[in-house]
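Here the protein sequences line up with chains A and B, keeping their order. Read in order, the letters of the first sequence are residues 0 to 283 in numbering that gives the first Met the number 0. Read in order, the letters of the second sequence are residues 0 to 522 in numbering that gives the first Met the number 0.
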Amino acid sequence: MTRLTVPKTYKLYIGGKFPRSESGRVYAVSSAGGDFLANAAKGSRKDARDAVVAARAALKGWSGATAYNRGQVLYRIAELLEGRRAQFIDEIMQAEGASAAAASAQVDDAIDAWVWYAGWADKYVQVAGNANPVSGPYFNLSVPEPTGVVAIVAPQAGGSLLGFVSAVAPALVAGNTVVVIAHETAPLTAISLGEVLATSDVPGGVVNILTGSPAEIAPWLASHADVNALDLLGAGALDWVNLQIAAADTLKRVLPPEPDAAPSLARILAFTETKTVWHTKSLL
Amino acid sequence: MSFSSTSFLNYAPAPESTALLNLKPDYGLFINGDFQPGNGTPFQTISPATEKQIAMIASANEADVDTAVAAARRAYDRTWSRMSGSDRGKYLFRIARLMQERARELAVAESLDNGKPITESRDVDIPLAAAWFFYYAGWADKLDYAGVGPNPAALGVAAQVIPWNFPLLMLAWKIAPALAAGNTVVLKPAETTPLTALLFAEILQQADLPAGVVNIITGAGSTGQALVNHPDVNKVAFTGSTAVGRMIARSVAGTGKKLTLELGGKGANIVFDDAPIDQAIEGIISGVFFNQGHVCCAGSRLLVQESIHDEVIDRLKARMSTLRVGDPLDKNTDVGAINSAEQLQRIRELSDIGEQEGAERWSPDCALPQNGFWFAPTIFTNVSTSHRIARDEVFGPVLSVLTFRTPAEAIAKANNTPYGLSAGIWSDKGSRILAVADKLRAGVIWANTFNKFDPASPFGGYKESGYGREGGRHGLAAYLAPAARPGSRARTAAISAKAGSAKASTEKVSTEKAAAARKKATK
Chain A
0 MTRLTVPKTY KLYIGGKFPR SESGRVYAVS SAGGDFLANA AKGSRKDARD AVVAARAALK
60 GWSGATAYNR GQVLYRIAEL LEGRRAQFID EIMQAEGASA AAASAQVDDA IDAWVWYAGW
120 ADKYVQVAGN ANPVSGPYFN LSVPEPTGVV AIVAPQAGGS LLGFVSAVAP ALVAGNTVVV
180 IAHETAPLTA ISLGEVLATS DVPGGVVNIL TGSPAEIAPW LASHADVNAL DLLGAGALDW
240 VNLQIAAADT LKRVLPPEPD AAPSLARILA FTETKTVWHT KSLL
Chain B
0 MSFSSTSFLN YAPAPESTAL LNLKPDYGLF INGDFQPGNG TPFQTISPAT EKQIAMIASA
60 NEADVDTAVA AARRAYDRTW SRMSGSDRGK YLFRIARLMQ ERARELAVAE SLDNGKPITE
120 SRDVDIPLAA AWFFYYAGWA DKLDYAGVGP NPAALGVAAQ VIPWNFPLLM LAWKIAPALA
180 AGNTVVLKPA ETTPLTALLF AEILQQADLP AGVVNIITGA GSTGQALVNH PDVNKVAFTG
240 STAVGRMIAR SVAGTGKKLT LELGGKGANI VFDDAPIDQA IEGIISGVFF NQGHVCCAGS
300 RLLVQESIHD EVIDRLKARM STLRVGDPLD KNTDVGAINS AEQLQRIREL SDIGEQEGAE
360 RWSPDCALPQ NGFWFAPTIF TNVSTSHRIA RDEVFGPVLS VLTFRTPAEA IAKANNTPYG
420 LSAGIWSDKG SRILAVADKL RAGVIWANTF NKFDPASPFG GYKESGYGRE GGRHGLAAYL
480 APAARPGSRA RTAAISAKAG SAKASTEKVS TEKAAAARKK ATK
């Protein structure tokens, strides 16, 4: 006799909590083979706006944390993910129809990406900032700072877990908070990753995950006046040019879609602002 | 309090001579190394101090823009992208030296055309513009250290549109890093201040810069629009209003053109009660009255700690009473002419709204010349954060004063704006300055000083003040793309799109879409 399994209810991840969509809508998510896996929450405009409020509220704490602290928190995600390797391999195999070896490699890459980015938290400022030799008695220093709230359309390329991590991790390094729209047809690993984030030391609201139709949700984020930047990494199949046009109204920083997003310092710096401080030196 | 005892200000006029100017009655477009007539209707450039015509200027229409971009593309493909970095650098050094040699002439032309005091064009605009070329000249053969990895690539043809407030300096901010990085340029100066850009074109001829590497086309907004939207440009750099910046951001969406925007600001100048008060007063004055307040990073919102408000206002008024408004070419002038009738109208309008909304308006007694465009230095007290003079960029000699009690309140008020370009902090306490600087959302922060610029120092905004940096290593990176990484499809695609023509960039869009569609289909 086989044991009757206990399926999981997948919800959104907003402000450190797992709410259902306020719209009450769900959509069926199927495996690569076409079998029903779960009903995912179909996020609405209101959910997106709630997520932005949560991200904005979390920004002060996350961007104000010491770089060492942020690095440790990001590393902690890798630790917890390592402990849940089997779960994620299993989910990826179901969702993507991937082989055990491919799913395992994807989880390893995702864990390693967190480790790599974690190490940048207390270094990127040194690499991207500098003292400026100005012609006058001034102390003059340029340092990168987080841009603010970043809305992300997560890609599927690289796999449902790795694609998600490759977009989210770099934005977190500098202290941005994010609202991510998970991939539409393979959103479950993203929500499971939300469970990892919720039980690691990532403060609630730093990462907010929406599932549903990116085509429906992304325009609201692109035009939202309290979103500072838009990463269209996974928006290649959407009408992304119009998203970029909508983002221009509030002069958001926009990254266009890309076929892949290997870990890079450029992805960290894409959502930073350079602040230059001049201070007088007295004439002795 | 009375400020009428200012007789010591009755200096004898000390006008700078215009004799060293050798201007032509009319100027063409500078395309492919030569001046040529434009296909648009020529327009006059006037002196805003007298409203007298200085010269007639050619206007570029779409066909001219096409010709200029084609010249830049040709120069990029055949000459500039093949030249060694050290040779590019030598051209830039030459240009810097020629600008230094002709500095006085350029300063006089700038003050004549723009209306800014000769002391400012002579001591700030022109020396800084030359310094900008000198600084970036040295970068041309050191691009590996620009911060985008080894062997970075130039982007191609850069379309650059600049404002009227610092005509030659903005030209230098745009052209110097673009050329150092290996790009070629089509630049459009502002409609009201084309003169020094055209003199600069003559300098390029003296420097023997290869034809087409820099093209300067004059005209109104439509010329700029045609340039920015030209399908064969790879980089767009714009300094100007936030409204136009938005329009440009919209129009380059999806094209793959790299974009730098330096837009408006509403800079907060925060004065704590322990500030070195003499220096603070000077800093507030220069922060908002420098260049008639036509400065995107002007400290146009004074946030003064409540306990010293009255003293600061009294001293500001006394200092404002000593400002000499008048002939830009007079070496005693502190505040020159407003650049255009249109800008004067906007300043008047916003100032009137300031009064209507209940703020208290004050200007010193000062006789303004009959002809030309003038606006007396003005201060508004009793301003609240919701007033339009506390929110809108006036871009004129108008200071709005607000108060605060705690550092937290100062920070909240300073950040309460969609802009984020500049801010000032005045305090004797270093730890407080650093803590406040950390929390201000602005790209440039001046502590116990204001309105300082240097080619080595990155400049640019947060939020709706734009994106990208100009100046320093960061300003160089804005004109470079990382080298293609072996095995990375993304980078290769991006770079080939940049190196190719606009057709390539539109193709890139459709290829990506097609790829995405394919991906969907195979899922």
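Cβ atoms here follow ideal geometry from the backbone N, Cα and C, with glycine treated the same way.
Residue i: first and last residue of the uninterrupted alpha helix (DSSP H) it sits in
i, result
"B:D313", "H308 to M319"
"A:N68", "A66 to G82"
"B:G244", "T241 to V251"
"B:D329", "From DSSP, B:D329 is part of no alpha helix (DSSP H); its letter is neither H nor E."
"A:D230", "Note, A:D230: premise wrong, no alpha helix (DSSP H); beta strand (DSSP E) at A228 to D230."
"B:Q204", "L194 to A206"
"A:Y137", "Where A:Y137 is concerned, there is no enclosing alpha helix (DSSP H), although the beta strand (DSSP E) it sits in stretches over Y137 to P145."
"A:A197", "L187 to T198"
"B:H473", "G471 to A476"
Test item: CB-CB of residue i and residue j under 8 Å
i, j, result
"B:A175", "B:L91", "yes"
"B:E261", "B:T241", "no"
"B:V400", "B:I280", "no"
"B:D140", "B:I53", "no"
"A:P154", "B:A455", "no"
"B:N233", "B:G155", "yes"
"B:L186", "B:A196", "yes"
"B:S339", "B:T377", "no"
"A:A166", "A:A260", "yes"
"B:G84", "B:A57", "no"
"A:P269", "A:L237", "Strictly speaking, residue 269 of chain A in this sequence is Ala, with Pro absent from that position. Cβ atoms of A:A269 and A:L237: not closer than 8 Å."
"B:F403", "B:L302", "yes"
"A:V289", "A:L264", "With chain A running from 0 to 283 in the structure shown, residue 289 of chain A is simply not present."
Neighbour list for residue i in chain A, Cβ cutoff strictly below 8 Å
i, result
"B:K451", "V133, G135, Y137 and W277"
"B:A446", "V276, W277, H278 and T279"
"B:I432", "H278"
Opening and closing residue of the beta strand (DSSP E) in which residue i lies
i, result
"A:A39", "F35 to A40"
"A:N301", "An answer regarding residue 301 of chain A cannot be provided, because it is not within the stretch 0 to 283 covered by chain A."
"A:V28", "V25 to S29"
"B:S399", "V397 to F403"
"B:D33", "D33 to Q35"
Close-in-space but distant-in-sequence residues of the same chain around residue i (CB under 8 Å, 5 per side omitted)
i, result
"A:A197", "Y12, G15, F17 and G203"
"B:G114", "S46, P47, A48, Q291, P327, G335, A336, I337, N338, G371 and F372"
Proximal chain B residues relative to residue i, where beta-carbon distance stays under 7 Å
i, result
"A:D111", "Near A:D111 there are no residues of chain B at all, since even the closest Cβ is about 17 Å away, more than 7 Å."
"A:Q243", "A252 and G253"
Residues near residue i by beta carbon distance below 7 Å, same chain, minus five either side
i, result
"A:R55", "V148 and D225"
"B:F132", "L91, I94, A95, M98, A171 and A175"
"B:N151", "With the sequence shown as reference, residue 151 of chain B is identified as Pro, and Asn is not the correct amino acid for it. So the qualifying residues of the chain are L142, A145, L479, A480, P481 and A482."
"B:S80", "A153 and G181"
"B:S285", "F449 and N450"
"B:A274", "W425, S426 and D427"
Cβ distance (whole Å) where residue i is taken to contact residue j below 8 Å
i, j, result
"B:L475", "B:A180", "6 Å"
"A:L187", "A:F87", "Actually they are not in contact, since the Cβ atoms of A:L187 and A:F87 sit about 10 Å apart, beyond 8 Å."
"B:T332", "B:P116", "4 Å"
"B:I215", "B:F29", "4 Å"
"B:D326", "B:A48", "6 Å"
"A:T275", "A:P136", "With 8 Å as the limit, A:T275 and A:P136 do not qualify as a contact, their Cβ atoms being about 16 Å apart."
"A:G42", "A:T210", "6 Å"
Cβ shell of residue i (< 6 Å), same chain only, five flanking positions each side left out
i, result
"B:E392", "G263 and K265"
"B:R121", "A106"
"A:K7", "none"
"B:D272", "Q304, S306 and I307"
"A:W239", "L231 and P256"
"B:R488", "Note that B:R488 has pLDDT 38, beneath the 50 cutoff, so the model's placement of it is unreliable and the number below is only indicative. Cβ within range, chain order: n/a, list empty."
"B:N381", "A358 and E359"
"B:F289", "N450"
7 Å Cβ cut-off: residues of chain A touching residue i
i, result
"B:S587", "Absent from the structure is residue 587 of chain B, since the part of chain B shown begins at 0 and ends at 522."
"B:G471", "N131 and S141"
"B:A129", "Those do not exist, as B:A129 stays about 12 Å from chain A at its closest Cβ, beyond 7 Å."
Under 8 Å by beta carbon: chain B residues contacting residue i
i, result
"A:L80", "Within 8 Å Cβ-Cβ: nothing; A:L80 doesn't reach chain B, min ~25 Å."
Chain-ordered chain B contacts of residue i [CB-CB under 9 Å]
i, result
"A:R252", "Y466"
Within chain A, partners of residue i - CB distance below 9 Å
i, result
"B:Y461", "E144, T146, G147, N227, E272 and K274"
"B:R245", "A247, D248, T249 and L250"
Any C-beta of chain E under 8 Å from that of residue i
i, result
"B:V270", "Here the protein chains are A and B, and chain E is not one of them."
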